[in-house]
Amino acid sequence: MENVEENLADVLIGLHEQGGHLSRNSIKAVIFDMFTAGTGTLSSTLSWGMSELMRNPRMMTKLQNEIREAFHGKVTIAEEDIQATNLPYL
Numbered sequence: 364m365e366n367v368e369e370n371l372a373d374v375l376i377g378l379h380e381q382g383g384h385l386s387r388n389s390i391k392a393v394i395f396d397m398f399t400a401g402t403g404t405l406s407s408t409l410s411w412g413m414s415e416l417m418r419n420p421r422m423m424t425k426l427q428n429e430i431r432e433a434f435h436g437k438v439t440i441a442e443e444d445i446q447a448t449n450l451p452y453l
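To convert a position in the sequence shown, counted from 1, into our numbering, add 363.
Right, dumping it as structure tokens:
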């Protein structure tokens, strides 16, 4: 017997094929939920953070100045740029 690794989709389809109580639509729903699980929390967190900055203009200005000073007018900032830069206020 081969040592084959199964992923979530393999397990769910296997249960379905063995006569389990999972329909194909249920399997699709589970996989969809796994892919989209973090999007709601991420967008909520970003919205909250932005609204707090708008409510506190001094904090927003301080953060903007820190970013502008660190990146010297750079138009596009990659994640690696942020990790390689000292941004204590952010």
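We put the CB at the ideal spot given by N, CA and C, even for glycine.
Find out if the Cβ-Cβ distance for the pair L375, V393 is shorter than 8 Å. Judged by their CB atoms, L375 and V393 are nearer to each other than the 8 Å cut-off.
If L453 and L426 are in contact, beta carbons under 8 Å, what's the gap, nearest whole angstrom? The pair is a contact, with the Cβ atoms about 6 Å apart (cut-off 8 Å).
Is DSSP giving H379 helix, strand or coil here? The answer is helix: DSSP assigns H379 an H, G or I state.
Output the distance between the C-alpha atoms of N356 and E442, rounded to the nearest integer angstrom. The requested residue 356 does not occur in the structure, where the chain is confined to residues 364 to 453.
Inter-residue spacing [alpha-carbon to alpha-carbon] between S446 and A433: Inspection of the sequence shows that residue 446 is occupied by Gln rather than by Ser. Rounded to whole angstroms, the separation of the alpha carbons of A433 and Q446 is 12 Å.
Terminal residues of the alpha helix (DSSP H) in which V438 lies: V438 -> no alpha helix (DSSP H), and no H or E assigned at all.
Same chain, Cβ closer than 8 Å to L414, five either side skipped, listed in chain order: According to the sequence displayed, residue 414 carries Ser and not Leu. Excluding sequence neighbours, S414 sits near nothing in its chain.
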